[in-house]
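In mature numbering (1 follows the signal peptide of the UniProt record, and there is no 0), the protein residues as written are -21 to -1, 1 to 161.
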């Protein structure tokens, strides 16, 4: 364990103790929580397994979200950190959590072309036809970004390939457009 992880462990312990015991200083727990959230999100972006493990071991809420609604799992998936995604999923992070735009970690993984991460997220107990705030589904993202492997996997998992988004686009019309067809 590195000095950084030990320091983070101490800070986590302090934050938990202050949050539980010190109701007289309500600003202190919020400030500490905000600092801890920053460390959690930075570790997820960087795929820092050691720091993420410290959060898991401390029982920290892994589903905390930043101002945009991003959780550690969304950030790890988007940034392509497969081991971090696996750690967070195994520790109970919510794979179905959506950010402020309604996008989940799966949609981020599809966007970035992270096939193995997308497959790990598809194995989670989330609806295969989750819609973001534009009415787009994972299958629509797979079609748009020409992730045919993922589209086949979604089809096998029962995704509705006939769904239409808020703009009237279907998986098929998006795939044609993405391929440059009229």
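C-beta atoms are modelled at their ideal positions from N, C-alpha and C, and glycine is treated no differently. In this text the structure is predicted, and so the values were computed from the model without any measurement.
Straight through space, the alpha carbons of residue 137 and residue 52 are spaced by roughly 24 angstroms. Taken in chain order, the segment 28 to 63 contains no complete beta strand (DSSP E) segment of 3 residues or longer.
Separation of residue 122 and residue 144 (C-alpha to C-alpha, rounded to the nearest whole angstrom) is 13 angstroms.
C-alpha of residue 148 to C-alpha of residue 61: approximately 31 angstroms in a straight line. Inter-residue distance for residue 58 and residue 146 is about 28 angstroms (C-alpha atoms, whole angstroms). Taken in chain order, the whole alpha helix (DSSP H) runs of length 4 or more contained in the segment 61 to 133 are 61 to 69, 84 to 91, 94 to 101 and 117 to 123.
For residue 12, the uninterrupted alpha helix (DSSP H) segment begins and ends at 6 to 25. A distance below 6 angstroms between beta-carbons, with the five flanking residues on each side excluded, links residue 79 to the following residues of its chain, in chain order: 47 and 48. Considering only 119, 128, 77 and 111, the residue with the shortest C-alpha distance to residue 94 is 128. Here residue 45 has 16 and 20 as same chain residues with Cβ atoms under 8 angstroms from its own Cβ, once five neighbours each way along the sequence are excluded.
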